[in-house]
Amino acid sequence: MANQGFAGLRVLTLESRRAQEMAKLITNSGGAPVVAPSMREVPLESNTEALQFASALLDGRLDVVIFLTGVGTRALTRVVETAHSREKFVAALSRVAVVARGPKPVAALREIGAPITLMVPEPNTWHEILQALDTSKLLYTQGHRVAVQEYGVPNRELLAGLAERGAQVTSVPVYEWTLPEDTAPLRAAITALCRGEIDVALFTSSAQLRHLLQIADEMGAREAVLQALARVLVVSIGPITSEELQKNGIAVDLEPTHPKMGFLINEAAERGCALLERKRSQV
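For the working numbering, add 1415 to where a residue sits in the sequence shown, where the first one is 1.
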């Protein structure tokens, strides 16, 4: 039988910045998209930590800098440029070990001409970061001074792992995720979930789940949402998001072979109907 894609399944996407792109991919794959933007990216009101990082870097008080996201790398560069030239920033980065977690920070660093000492392989979780550091022996010397560009919330496992390796760790928060200004679509999606009007739920970041549950709490519907997610196909972009889902008692039914949006939609569409039928037969 030919692959019919989602075959009309109602697919919830919590994307914000790429909501229209995701909806189009779902439609092209035979699904009925339910779009509920769940996040808004807001620069921190105070850039104190980022500017302190810049001073430490330019003064030679750092040994390793770890960039976790492309958006955060670009935002950090913009903050640094309010006090120092880009040339000085890049020159300072060339004097330390620069670690990039995956292709997005790699691309952002290459845009400014910064050298990259170590690229972390997929799936780009804190496990792979620590493993890559161990293999490269960048932290072989005790007391290495390491700065970590954060991506919305602190990666506590990564920070703890660095500290266990004897590093002096400085977190550099650059931006945070907040709820969208208009939460009506998210509230409507929660209502639809609880009514059994969603078949597939796509999660492409852990913050999406946190915000979904935050609004569910405000609506007094957390338990109903968790029960609803036990009856729909839960698709996670990758290990970091899957870990957050599992922490909240939500089973992940599908994770794509690569943590990218195209793979997520294609594999969910290809396998979704069969996986959902199997899941619902077991509930």
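Backbone N, C-alpha and C fix where the C-beta goes; we use that ideal spot for every residue, glycine too.
CA nearest to the CA of residue i, picked from the options
{"i": "Leu1524", "options": "Pro1536, Ser1509, Glu1537", "result": "Ser1509"}
{"i": "Leu1548", "options": "Val1647, Ala1643, Ile1481", "result": "Ile1481"}
{"i": "Ala1469", "options": "Leu1660, Arg1493, Val1650, Thr1428", "result": "Arg1493"}
{"i": "Ala1668", "options": "Leu1617, Ala1636, Glu1638", "result": "Per the sequence shown, the amino acid found at residue 1668 is Asp instead of Ala. Of Leu1617, Ala1636, Glu1638, the residue nearest in Cα terms is Leu1617."}
{"i": "Thr1488", "options": "Ala1562, Gly1420, Ala1639, Arg1610", "result": "Ala1562"}
{"i": "Val1449", "options": "Ser1696, Leu1660, Gly1611", "result": "Gly1611"}
{"i": "Gln1564", "options": "Phe1421, Ile1652, Glu1464, Thr1672", "result": "Glu1464"}
{"i": "Pro1654", "options": "Ala1529, Leu1679, Leu1429", "result": "Leu1679"}
{"i": "His1626", "options": "Pro1536, Trp1592, Pro1671", "result": "Trp1592"}
{"i": "Leu1644", "options": "Val1698, Leu1594, Ala1599, Val1521", "result": "Val1698"}
{"i": "Val1535", "options": "Ala1515, Leu1491, Glu1692", "result": "Ala1515"}
Burial state of residue i, where buried means 16 or more other Cβ atoms lie within 10 Å
{"i": "Arg1571", "result": "exposed"}
{"i": "Thr1550", "result": "exposed"}
{"i": "Thr1672", "result": "exposed"}
{"i": "Glu1430", "result": "buried"}
{"i": "Glu1692", "result": "exposed"}
Cα-Cα separation, residue i to residue j
{"i": "Ala1689", "j": "Ser1453", "result": "28 Å"}
{"i": "Ala1512", "j": "Leu1477", "result": "9 Å"}
{"i": "Pro1569", "j": "Leu1553", "result": "22 Å"}
{"i": "Ile1527", "j": "Leu1466", "result": "18 Å"}
{"i": "Lys1694", "j": "Arg1432", "result": "31 Å"}
{"i": "Val1486", "j": "Lys1519", "result": "8 Å"}
{"i": "Arg1501", "j": "Thr1556", "result": "30 Å"}
{"i": "Val1615", "j": "Arg1455", "result": "23 Å"}
{"i": "Glu1596", "j": "Ser1621", "result": "19 Å"}
{"i": "Phe1504", "j": "Ala1639", "result": "50 Å"}
{"i": "Ala1498", "j": "Ala1490", "result": "14 Å"}
{"i": "Ile1630", "j": "Gln1546", "result": "36 Å"}
{"i": "Asn1462", "j": "Glu1496", "result": "12 Å"}
{"i": "Val1426", "j": "Arg1560", "result": "45 Å"}
For residue j and residue i, believed in contact at Cβ under 8 Å, the rounded distance
{"i": "Leu1424", "j": "Gly1446", "result": "5 Å"}
{"i": "Met1437", "j": "Met1676", "result": "7 Å"}
{"i": "Gly1567", "j": "Gly1581", "result": "About 27 Å; that fails the 8 Å criterion."}
{"i": "Leu1628", "j": "Arg1637", "result": "6 Å"}
Quiz item: Okay, do the segment 1655 to 1675 and the segment 1581 to 1591 touch, 3+ Cβ pairs below 8 Å being the bar?
Solution: no
Quiz prompt | the segment 1433 to 1444 touching the segment 1676 to 1692, judged by at least three CB pairs closer than 8 Å | solution = yes
Quiz item: Per the contact definition of three or more C-beta pairs closer than 8 Å, is the segment 1596 to 1614 in contact with the segment 1573 to 1581?
Solution: no
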